[in-house]
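Each remark here refers to the structure printed beneath this line.
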Amino acid sequence: MRAEALVADTEWSRSVRAQFPILAAHPELVYLDSAATSQKPQAVLDAAHTYLTSGNANAGRGTYPWANRTTEAIERARHRVKEFLGDPRPDLSGVHFTSGATEGLRTVARDWLAEQLDDGDEILVPYADHRANLDPWLEVRSLLAARGVDVRVRALPYQETSGDYDHRAFAGLVGPRTRFVAATHVHHVYGGDMNVHRLRAAVGPHVPICLDAAQSVGHLPLRLGDPALDVDFVVFSGHKAFALPGTGAVWARNTRGPALRPGGWQGTPNTVGVVSLLAALDWLEDIGAERVSAHVTALTTRLTDRLRGLPAYEILGCPASLASGTALPQAQRRHGIVTFRHRDIPSDDLGFILYSHGFMVRADSLCQAGVASKDGSVRVSLHVYNTAEEVDRLLTALTSLS
Ligand code: PMP
0 MRAEALVADT EWSRSVRAQF PILAAHPELV YLDSAATSQK PQAVLDAAHT YLTSGNANAG
60 RGTYPWANRT TEAIERARHR VKEFLGDPRP DLSGVHFTSG ATEGLRTVAR DWLAEQLDDG
120 DEILVPYADH RANLDPWLEV RSLLAARGVD VRVRALPYQE TSGDYDHRAF AGLVGPRTRF
180 VAATHVHHVY GGDMNVHRLR AAVGPHVPIC LDAAQSVGHL PLRLGDPALD VDFVVFSGHK
240 AFALPGTGAV WARNTRGPAL RPGGWQGTPN TVGVVSLLAA LDWLEDIGAE RVSAHVTALT
300 TRLTDRLRGL PAYEILGCPA SLASGTALPQ AQRRHGIVTF RHRDIPSDDL GFILYSHGFM
360 VRADSLCQAG VASKDGSVRV SLHVYNTAEE VDRLLTALTS LS
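In numbering that gives the first Met the number 0, the protein residues as written are 0 to 401.
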């Protein structure tokens with residue numbers, strides 16, 4: 000099906016959108032900040048409400064029915080995460096629930112990676128991605144340095160022009176001491192797929208790869224059984240994929256080294272959050288993860304293609320955006336995220352102006368590692384509840400400012 004045809008699929012998109020009470024309650028506003036967190040469908044709100052009003056208890060501790068049901072729900076959610084990610088060997092993997100992707104990446108770093116590295120080992124980490132996917136690896140280096148273990152951290156090379164890793168340069172950095180690669184699935188500023196299969200091809204079959212999937216889970220179907228997604232850790236935010244705030248998970252598989260064992264006393268889990276994540280994944284599968292992806296990509300393409308025609312705007316990671324008219328393959332590859340600057344209007348001002356028209360966007364340095372807040376930009380991030388009409392309204396507002 001063609002992208003534009005799917006945008007016109009209004010019956011389906013209207014029925015999906017109607018399931019989000021917050022959007023129905025605020026028809027004057029347009030939520031365009033889903034890369035920060037998503038809105039929640041009724042099914043998720045109902046699951047949380049039912050849990051809290053009919054069986055709220057701690058997990059793994061009590062012996063009475065509410066406690067047992069909570070423990071079972073958490074186990075079901077673990078299983079559901081594996082299923083949702085297309086895990087081909089659920090018997091060899093584990094799922095650990097976290098408060099979001101930041102905590103998930105730090106868990107992999109502290110509780111797994113730090114135990115794996117020896118003096119002289121090298122790790123490759125993404126210096127131009129979300130800082131949640133940089134700081135934990137640098138912390139591991141410091142932690143080990145304090146123990147006299149010298150680990151070399153190399154920057155995963157980046158191609159500013161395409162918004163992708165520089166895969167050719169990456170291959171040149173891989174050596175016999177390469178022990179670990181941290182990468183991102185969909186970039187939180189450029190919205191492109193970072194082609195992790197090319198990282199795997201360059202690094203060979205034995206080096207663990209940790210994938211930050213904060214911007215892909217809920218947007219793209221992930222199939223871990225697919226050789227193109229041969230990774231060892233998948234970290235994501237549940238709250239960006241329709242679950243409640245304070246939710247996320249680490250999926251870890253145990254075939255390239257010892258299992259991830261989250262350290263220390265784990266305490267009480269976010270039980271209602273995990274219940275909401277289970278409901279969110281069920282809901283996503285019900286409405287069709289493929290269809291969500293097609294809808295969001297179609298909206299993103301619509302926005303990118305038309306914004307490229309406005310000479311006052313520069314789209315980040317889209318080199319010819321100021322010289323419109325050229326066919327850009329990466330315009331097709333954006334998954335819900337378009338980030339741009341106005342030639343004359345500072346980005347934070349642009350954010351305020353857009354809110355005065357009812358559009359909620361992100362306007363700052365977007366937590367991108369190495370980017371100062373003065374280098375701000377405006378990020379529009381779309382999800383399944385957004386419509387072609389909202390995109391067109393945004394374009395009208397942006398055109399009036401150009
Ligand atoms: N990684 C990426 C790519 C992100 O976009 C974000 C959130 N903006 C994070 C990590 C951090 O996620 P969380 O808010 O769930 O901690």
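Here a beta-carbon is modelled for each residue, glycine too, at the ideal position from N, C-alpha and C. These numbers were taken from a predicted model, which means no experiment stands behind them.
Asked: Whole-number beta carbon distance between V379 and V360, since they are thought to touch under 8 Å; Found: 5 Å
Asked: N- and C-terminal bounds of the alpha helix (DSSP H) containing W136; Found: D134 to A145
Asked: Endpoints, beta strand (DSSP E) assigned at F241; Found: Note, F241: premise wrong, no beta strand (DSSP E); not H, not E.
Asked: N-terminal and C-terminal residue of the alpha helix (DSSP H) that S380 is part of; Found: Per DSSP, S380 belongs to no alpha helix (DSSP H); it is in the beta strand (DSSP E), S376 to S380.
Asked: Range covered by the alpha helix (DSSP H) that runs through W11; Found: T9 to R16
Asked: Heavy atom of the ligand PMP within 6 Å of Q214 beta-carbon; Found: yes
Asked: Helix, strand or coil at D163 [DSSP, three-state]; Found: strand
Asked: G162 beta carbon less than 7 Å from that of G308; Found: no
Asked: Cβ distance (whole Å) where V124 is taken to contact L155 below 8 Å; Found: 6 Å
Asked: Nearest-angstrom beta carbon gap, S37 and H382 [assumed within contact, 8 Å]; Found: 6 Å
Asked: Assigned exposure category for I21 - 16 Cβ within 10 Å defines buried; Found: exposed
Asked: Whole-angstrom C-beta distance between G190 and H334, which should lie under 8 Å; Found: 6 Å
Asked: Cα-Cα separation, D149 to I122; Found: 11 Å
Asked: Residue range of the unbroken alpha helix (DSSP H) whose run includes R75; Found: P64 to F83
Asked: The ligand PMP heavy atom lying under 6 Å from the CB of A248; Found: no
Asked: Proximity of F414 and K39 at Cβ, strictly below 7 Å; Found: The question about residue 414 has no answer, for the chain in this structure spans 0 to 401.
Asked: 7 Å Cβ cutoff met for A251 and F232; Found: yes
Asked: Residue ranges of each beta strand (DSSP E) within the stretch 201-285, 3 or longer; Found: 208-211, 232-236 and 247-252
Asked: Span separating the alpha-carbon of P268 from that of L91; Found: 23 Å
Asked: Three-state class that DSSP yields for E389 in the structure shown; Found: helix
Asked: Check whether Y157 and M193 have beta carbons under 7 Å apart; Found: no
Asked: Assumed close pair A182, E138 - CB separation to whole angstroms, cut-off 8 Å; Found: A182 to E138, Cβ: 18 Å. No contact.
Asked: Coil, strand or helix - A288 by DSSP; Found: helix
Asked: Residues near A100 by beta carbon distance below 7 Å, same chain, minus five either side; Found: A131, D211, A213, V234, F235, S236 and G247
Asked: Residues near F339 by beta carbon distance below 7 Å, same chain, minus five either side; Found: L306, Y312, E313, I314, L315, S376 and V377
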